[in-house]
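Peer 1: Can you keep this structure in mind? I'll have questions shortly.
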DNA sequence: TCGCTCTACCTAGTATTGCTATGTATGAAC
DNA sequence: GTTCATACATAGCAATACTAGGTAGAGCGA
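Residue numbers (this note's numbering), protein chains in the order written: chain A, 0 to 106; chain B, 0 to 106.
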């Protein structure tokens, strides 16, 4: 999967996963890989900065939790984040319909 | 429509439109706006550089044609471009399915 | 014990790419 | 003769995903 394709859409994916259930970064990466059947196999350098960005924006909040090995940072969605996710879902729908409309016309 | 969403997907849209029928930049912009029902109302500073990039990459070729007013630069797709378009269509499909799979799991 | 692997986190720097702003040019309309 | 629509172009900006590298704990096999 090309690098640029994801731009602007990553936030929605992260918000959607975390909205369903609070999770830590590594688990989110695994979840994305599994759900997309390998299509989204994102490097850590992509996901961690994005999570930090979303937290700074107030869409997520995090807490540290001790784990079996190293401590984990658990992210959960905020009220603001839930709102933003709904907006981004709608935007994704409009975007995908737009692309289909352009491609469909070119069949 | 947010700026970043389009990243990486613009090439496919341009290739698809030009593959259907050779066209000049301004007409492509109008076509995108119409087909997407206003969702893709792209500024010229987005489209022209993208067309130049695609031509440099050998996916498009252009010729100047005199028009009613100012001369137009007509782009058409190359064999390489047609191949690239098929690939990018498939990639778009995989991407869209991937997003749906992630979002669907979070319903 | 040493190295390897898996989990788990982090960040500096890079590259790509779409957008803003601005400029040029033609012709029609008012 | 100014404005508008058509039509092209580019320099600089901003956003963001990725590369590459680092830290750290725990288990496993030679």
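From the three backbone atoms N, C-alpha and C, an ideal C-beta is built for every residue, glycine too.
Taking the alpha-carbon of residue 36(B) as reference, which of 94(B), 0(B), 88(B) and 71(B) has the nearest alpha-carbon?
Peer 2: The residue with the shortest Cα to Cα distance from residue 36(B) is 0(B).
Peer 1: By Cβ distance below 6 Å, which residues in the same chain neighbour residue 21(B) in space, the five residues on each side in sequence not counted?
Peer 2: Closer than 6 Å at the Cβ level, and outside the excluded window around residue 21(B), lie 73 and 75.
Peer 1: Return the chain-ordered list of same chain residues with a C-beta closer than 6 Å to the C-beta of residue 30(B), the five sequence neighbours on each side being excluded.
Peer 2: For residue 30(B), where only same-chain residues beyond five positions count, the Cβ hits under 6 Å are 16.
Peer 1: If you run the structure through DSSP and keep just helix, strand and coil, what is residue 31(B)?
Peer 2: Note: residue 31(B) maps to helix in three-state DSSP.
Peer 1: Go through its chain and collect everything with a Cβ distance to residue 23(A)'s Cβ below 6 Å, but skip five positions before and after it.
Peer 2: Cβ within range, chain order: 71, 72 and 73.
Peer 1: Is there at least one Cβ from chain B nearer than 8 Å to residue 58(A)'s Cβ?
Peer 2: Closer than 8 Å: no.
Peer 1: Using the beta-carbon of each residue, which ones in chain A are nearer than 7 Å to residue 7(B)?
Peer 2: In chain order: 1, 3, 4 and 6.
Peer 1: With residue 64(A) as the anchor, note down where its beta strand (DSSP E) starts and where it stops.
Peer 2: Its beta strand (DSSP E) spans residues 59-64.
Peer 1: Given that a residue counts as buried once 16 or more other Cβ atoms are within 10 Å of its Cβ, and exposed if not, what is residue 78(B)?
Peer 2: Classification for residue 78(B): exposed.
Peer 1: Along the chain, where does the alpha helix (DSSP H) containing residue 20(A) start, and where does it finish?
Peer 2: Run containing residue 20(A): none; DSSP gives neither H nor E here.
Peer 1: Which of the three DSSP states, helix, strand or coil, is assigned to residue 69(B)?
Peer 2: Coil at residue 69(B), not helix or strand.
Peer 1: Just the chain A side, please: which residues come within less than 7 Å of residue 41(B) by C-beta, in chain order?
Peer 2: Within 7 Å Cβ-Cβ: nothing; residue 41(B) doesn't reach chain A, min ~11 Å.
Peer 1: Taking residue 8(B) as part of the alpha helix (DSSP H), name the residues at either end of that continuous run.
Peer 2: Careful: residue 8(B) lies outside any alpha helix (DSSP H) and carries neither H nor E.
Peer 1: Buried or exposed: residue 49(B), going by 16 or more other Cβ atoms within 10 Å of its Cβ?
Peer 2: Buried: at least 16 other Cβ atoms inside 10 Å.
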